[in-house]
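Mapped onto the numbering used here, the consecutive letters of the sequence shown carry residue numbers 2 to 291.
For every residue, glycine included, the Cβ atom is placed at its ideal position computed from N, Cα and C.
Remember, predicted model here, so these are calculated numbers, not experimental data.
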Amino acid sequence: NAARAFTGWTITQPIPLYPQGHFKSEFQFSQGDHDEGEKTFLGHTGNLNGDDIVDIVVKQPATANFLARHMYNFFVADEPQVPAWSVEPPQDQETIDTIVKAYMETDGDIVAMLRAMFNSDSFKNAQFKKVKNPTELVAGVLKLVGTYRFPEPGVVAFGAATTLMGQTLLNPPTVEGWHTGKEWIDGGTLNERINFAVNEIGDAGKPGIQDIINRLGAHGGSVSPEEFTDKALDLVGPLPVDDKTHAALMEYAESVGSLDFSSDEAREEATPRVIHMLQMIAATREFQFA
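In structure tokens form, the structure reads like this:
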């Protein structure tokens with residue numbers, strides 16, 4: 002019956018692509034092709050047309066739930082992939098219900114849904130709950146190392162890096178888009194993500210790395226292993242890590258001893274140690290989240 006309601010919906014015949022180039026088609030309703038018979042759809046009966054079907058669908062609680070979960074997944078925290086939603090409940094049903102309520106009370110006002118979500122405690126407390134997509138990871142690393150702060154030749158080459166990580170820019174695999182969250186990570190893509198970050202951070206001449214080294218040695222004295230570890234995590238993020246990760250970073254910091262920034266020679270000696278610490282942080286599980 003829904004298909005019958007959409008009879009007569011079509012598009013104008015587009016002008017051939019070549020040699021004139023691209024011309025867009027426009028929607029067209031062909032009254033003679035429309036089924037004027039009585040139809041029943043989700044409890045509504047009448048001579049329904051396509052607009053009626055859309056109006057009926059957007060008023061369904063299922064539509065509100067679907068949109069709310071997509072918003073939560075995009076802005077707050079990773080949810081299971083869409084095909085699993087029919088069997089896996091939301092991880093934060095209370096917040097989803099709040100967003101759904103805003104939708105139902107405002108006749109589907111998307112702005113009201115966003116306002117309800119952004120004002121929720123879940124959104125305000127959501128840190129490092131989403132796996133960075135390849136573009137976010139590449140952009141974040143470039144920002145960290147301080148390169149390409151302004152548009153300049155060469156930046157487009159980093160599109161190849163995101164492709165190796167599983168995201169070809171502007172070319173999703175299907176109309177569904179990319180599967181996000183943990184789906185970004187497998188043995189191959191994780192290696193690409195870590196190698197990219199480690200290679201970019203490994204260049205001490207990059208302005209962002211120089212800035213981190215300058216801030217670590219701002220007082221010109223000695224930096225203890227514990228201070229070295231905590232400051233490095235703060236300057237990279239700040240990036241909270243679990244006890245196991247922190248212990249591994251501390252083990253390295255203690256193995257190289259206190260850093261000395263009292264002279265240019267001492268600073269030069271400390272630089273590779275700082276870079277290695279930053280590379281270790283970039284290789285942590287926590288660095289993959291935003």
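Exposed or buried, which one is N50 when buried takes at least 16 other CB atoms within 10 Å? Classification for N50: buried.
Near K207, which residues of its chain fall below 8 angstroms by C-beta distance, leaving aside the five closest residues on each side in sequence? Apart from the 5 residues on each side of it in sequence, K207 sits with its Cβ closer than 8 angstroms to the Cβ of V146, G147, T148, E201 in its chain, given in chain order.
Report yes if the C-beta distance between L240 and F197 is below 9 angstroms; otherwise report no. In this structure, F197 does not lie closer than 9 angstroms to L240 by Cβ.
When burial is assigned at 16 or more other CB atoms within 10 Å of the CB, is E266 buried or exposed? Answer is exposed; the Cβ neighbour count stays below 16.
Nearest neighbour of L115, chosen from N172, V275, A103, H45 [CA to CA]: Closest option to L115, Cα to Cα, is A103.
What are the uninterrupted segments assigned as alpha helix (DSSP H) that are 4 or more residues long and contained completely in the segment 8-61, given in chain order? Those alpha helix (DSSP H) runs which fall completely within the segment 8-61 and span 4+ residues are 51-59.
Quick check on the DSSP output: the alpha helix (DSSP H) that includes M114 runs from which residue to which? Run containing M114: 111-119, per the alpha helix (DSSP H) assignment.
Within the same chain, show all residues whose beta-carbon is closer than 6 angstroms to that of H1, passing over the 5 residues directly before and after it, in chain order. The question about residue 1 has no answer here: the residues shown for the chain are numbered 2 through 291.
Give a yes or no on whether the C-beta atoms belonging to A78 and I100 are separated by under 9 angstroms. No; because the gap between Cβ atoms is not below 9 angstroms, this pair is not in contact.
Any beta strand (DSSP E) of 3 or more consecutive residues that is wholly inside the segment 207-282: Listed in chain order, there is nothing to give.
Please go through the same chain and pick out, in chain order, the residues whose beta-carbon is closer than 6 angstroms to the beta-carbon of R5, but skip the five residues on each side of it. Within the same chain, Cβ atoms closer than 6 angstroms to the Cβ of R5 are found at D36, K40, the five residues on either side in sequence being excluded.
Report yes or no: do the segment 207-223 and the segment 262-279 share at least 3 C-beta pairs separated by less than 8 angstroms? Contact between the segment 207-223 and the segment 262-279 is present, because at least three Cβ pairs lie under 8 angstroms.
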